[in-house]
Amino acid sequence: MRSDKDQMTAGKEKSIFEIQLKDVPREQENIPANAKPKEEKKEVFTKVVIRRLPPSLSKEQLEEHLSPLPSYDYFEFFPADQSLYPHLFSRAYINFKSTEDILLFRDRFDGYVFIDNKGQEYPAVVEFAPFQKISKKKLKKKDAKAGILITKEYKLIWTLHSPAPPYLSYPKY
Numbered sequence: 001m002r003s004d005k006d007q008m009t010a011g012k013e014k015s016i017f018e019i020q021l022k023d024v025p026r027e028q029e030n031i032p033a034n035a036k037p038k039e040e041k042k043e044v045f046t047k048v049v050i051r052r053l054p055p056s057l058s059k060e061q062l063e064e065h066l067s068p069l070p071s072y073d074y075f076e077f078f079p080a081d082q083s084l085y086p087h088l089f090s091r092a093y094i095n096f097k098s099t100e101d102i103l104l105f106r107d108r109f110d111g112y113v114f115i116d117n118k119g120q121e122y123p124a125v126v127e128f129a130p131f132q133k134i135s136k137k138k139l140k141k142k143d144a145k146a147g148i149l150i151t152k153e154y155k156l157i158w159t160l161h162s163p164a165p166p167y168l169s170y171p172k173y
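Structure (structure tokens):
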């Protein structure tokens, strides 16, 4: 004979089980009859990032290490940020024109050890860039407000040193 506690727990389990069955959506019911299966867009990744480069490495030095480099249409180098002191690493982004070049590049430079001018070793990491779009270099327009502050200061100095017309004279107390 079951105790009252066992009967209560059995009832709870049953109700939880029924709720779980009711909450699970059925895929066949949700799909309309005339709907076509979605075709996924397969994006080809062509942009790679080389991480953990030495902080003292310059763009020219990196290009010397990477030469001969397969054909590419985008190359961007970011030097180490000194404010991130314990984690000082440079990085570079390269967008290759063909996917075969990416595989060859990765096989050659993933784990490649760069040595800085102090003799420390930095094994590089080559991986696909998380953001595959290429940034466009914007032409910087000349600032229309550039130099206004200086001209206003000169104007202010000129007005202070020149005699004020009678209608702009200040009252004397």
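The sequence shown begins at 1 in full-length UniProt numbering and counts up one residue at a time. We put the beta carbon where it would ideally sit given N, CA and C, even for glycine. The structure presented is a predicted model; accordingly, all values stated were derived computationally and were not measured.
Original post:
Between Leu66 and Phe114, is the Cβ-Cβ spacing less than 7 Å?
Top reply: no
**OP:** Consult DSSP for Leu84 and reduce its assignment to one of helix, strand or coil.
**Re:** coil
**OP:** Have a look at the DSSP bridge pairing and note the partners of Leu53.
**Re:** Ser90
**OP:** State the Cα-Cα distance for the pair Glu43 and Arg108, rounded to the nearest angstrom.
**Re:** 24 Å
**OP:** Using the Cα positions of Glu100 and Phe45, report the straight-line distance between them to the nearest angstrom.
**Re:** 11 Å
Subject >> Phe131 and Val48 closer than 7 Å at C-beta >> reply: no
Original post:
Where DSSP assigns a beta bridge to Phe75, which residues make up the other side?
Top reply: Ile94
Original post:
Among residues of its own chain, excluding the 5 on either side of Phe89, which ones have a beta-carbon nearer than 7 Å to its beta-carbon?
Top reply: Arg51, Arg52, Leu53, Pro55, Ala80
**OP:** Count the other CB atoms, across all protein chains shown, that sit within 10 Å of the CB of Ile16; report buried if there are 16 or more and exposed otherwise.
**Re:** Residue placement at Ile16 is poorly supported in this model, since its pLDDT is 48, which falls under 50; the coordinates still yield a value, given next. Result: exposed.
Original post:
Tell me which same chain residues have a C-beta within less than 6 Å of the C-beta of Ile94, skipping the five on either side of it?
Top reply: Val48, Tyr72, Phe75
Original post:
Does the distance from the C-beta atom of Leu62 to that of Ala92 stay below 7 Å?
Top reply: yes
Subject >> Close-in-space but distant-in-sequence residues of the same chain around Tyr85 (CB under 8 Å, 5 per side omitted) >> reply: none
Original post:
Quick one: is Ala144 buried, meaning 16 or more other Cβ sit within 10 Å of its Cβ, or exposed?
Top reply: exposed
Original post:
Within this structure, are the beta carbons of Phe78 and Lys59 separated by less than 7 Å?
Top reply: no
Original post:
Using the C-alpha atoms, what's the distance from Lys140 back to Ile102?
Top reply: 33 Å
**OP:** Report the three-state DSSP secondary structure of Glu43 (helix, strand or coil).
**Re:** coil
**OP:** Just tell me which of Lys118, Ala124, Asn117, Asp116 has its CA closest to the CA of Arg106.
**Re:** Ala124
Subject >> alpha helix (DSSP H) segment containing Ile102, residue limits >> reply: 99-109
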